[in-house]
Amino acid sequence: MSWVNRHMTNSASESHSLLPWLALQQAAGLGPVRGWKLWQRLGSGCSDAGCLSEADINEALRTQLLASQQELLEKVLQWLHSGPDRHILTRADPQYPEQLNRLSAAPLFLFVEGNVNVLHLPQLAVVGSRHPSYVGKENTRMLLPPLIAAGLAITSGLAMGIDGLAHQAALDAGGVTLAVFGSGLAQCHPKRHVRLARQIVESGGVLISECYPWDMPQAFQFPRRNRIISGLSLGVLVMEAAERSGSLITARFALEQNREVFAVPGARQNPQAAGCNQLIQQGAKLVCSPDDVLEELAGFSAAAVKIHDTATEQSLPYPDLLDTVGLEATAPDVIAERCRQPVHEVLTRLVELELAGWVESVPGGYVRARRS
């Protein structure tokens, strides 16, 4: 039970434990950094006239801090009690995620829905394009299960594209995933991920936001959301990102927060890979397999980490043909030309390989399947 939940008696009284935090949050121009410093100085006295009169605070700020927050408090508590597993965690709450609380600009409080205990699990942030290519989608599906098996929870932003795929990959692998909203928790964005958000909670994960539950999504909130995604995590894995992708903002926050940054490389012809390639040029860890991530995070839980042997003892069927099929769709006639075999024989072998799970038929031809 959260610190706020344990202080619910006389919730409408002027001494409610959440009121000083609401005062700090509502004070214009104060911000999370100065707000936290003020709390460290004054504690619950942040909204007390006597304490503020003795503090070295200008009159304008003092007036804001003393403004009544009773109406706002009632709205917040209404959300808290209108559903199960809802929590409000202030920075003074022992359940506030420690990894995030180390940051000077951490949110003064978080709205959380779901299993609050998973906030303390070792987490890997996974971000990327909202319009990923086939390669980006496949990399997300292939790279995450071993990382989840090693004990990492997957944290992302519930956006379309890579974010949603990362959450779904965690659910499919029986892992834990955390979704950080750029809106209030009562205003899921995008709307088509309402069901995914519900699955995250039902599977033991959590939804997190620093916005009031009723806040609609606004553009300026999403970069702020990104600092929480990276702040909760040990590192950030960028799956696929264009040169001006919002995912690069998350990577920049990760660097500022002294977190690891990982990036999956891509072909130079793919504009969706330009951001990842740029990150690698700037020093991000190049990721070709799950082990590339795990070896950098080995300290998070030595007992949990499993470095996987990527070598396979199984011989490849039709290796000369498979060598010509990659992660980009390749037409059968092109495959035949590359491996110098008749088209009818190539088509027959492609069908055999598809049935055996080595290739997949997609619009435009064939691609390598995940097992290969």
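Numbering (numbering that gives the first Met the number 0), first residue to last: 0 to 371. All C-beta atoms, glycine included, are put in the ideal place defined by N, C-alpha and C. Nothing here was measured: the structure is a model prediction, and the numbers come from that model.
Here His343 is exposed, its C-beta having fewer than 16 other C-beta atoms within 10 Å. Each residue's CA atom was taken as its position, placing Gln256 and Leu354 some 47 Å apart. Cβ-Cβ distances below 8 Å link Ile248 to Pro222, Asn225 in the same chain, with the five nearest sequence neighbours on each side left out; the list follows chain order. With contacts defined as CB atoms closer than 8 Å, Trp357 and Ala185 fail to qualify as a contacting pair. Per DSSP, Phe252 lies in no beta strand (DSSP E) segment; the continuous alpha helix (DSSP H) that holds it begins and ends at 246 to 255. In this structure, Val111 and His80 do not form a Cβ contact; the two beta carbons are roughly 14 Å apart against a cut-off of 8 Å. Bridge pairing for Gly181: absent [DSSP].
Under the three-state reduction of DSSP, Ser208 is assigned to strand. Each of Arg197, Asn116, Ala262 was checked against the Cα of Gln280, and the nearest Cα belongs to Ala262. Pro131 has its alpha-carbon roughly 9 Å from the corresponding atom of Ala272. Residues of the same chain with a CB within less than 6 Å of the CB of Glu259, apart from the 5 flanking positions on each side, are Gly234, Glu295 in chain order. The criterion of a C-beta distance shorter than 8 Å is satisfied by Leu177 and Val205. Going by beta carbons, Ala54 and Leu41 fall inside the 8 Å limit.
Per DSSP, Gly234 is one residue of the beta strand (DSSP E) stretching across 234 to 237. In this structure, the CA atom of Ala26 is about 35 Å from the CA atom of Gly203. Look at Gly274 here: in three-state DSSP terms it is helix. The Cβ-Cβ distance between Gly282 and Thr329 does not fall below 8 Å. Listed in chain order, the non-local C-beta contacts of Ser229 below 7 Å within the same chain comprise Ala124, Val235, Thr249, Phe252, Ala253, Gln256, Arg258, local neighbours out to five positions each way being set aside.
Across the structure, Val175 and Ile147 are spaced so that their CA atoms are roughly 8 Å apart. Judged by beta-carbon spacing, Leu164 lies within the 8 Å limit of Thr139, meaning their Cβ atoms are closer than that value. About 4 Å separates the CB atoms of Pro289 and Pro145; that is less than 8 Å, so the two are in contact. For Val361, the uninterrupted beta strand (DSSP E) segment begins and ends at 358 to 361. His86 is bridged by DSSP to Val111. Rounded to the nearest angstrom, the Cβ distance from Ala240 to Ser246 is 4 Å, consistent with a contact under 8 Å.
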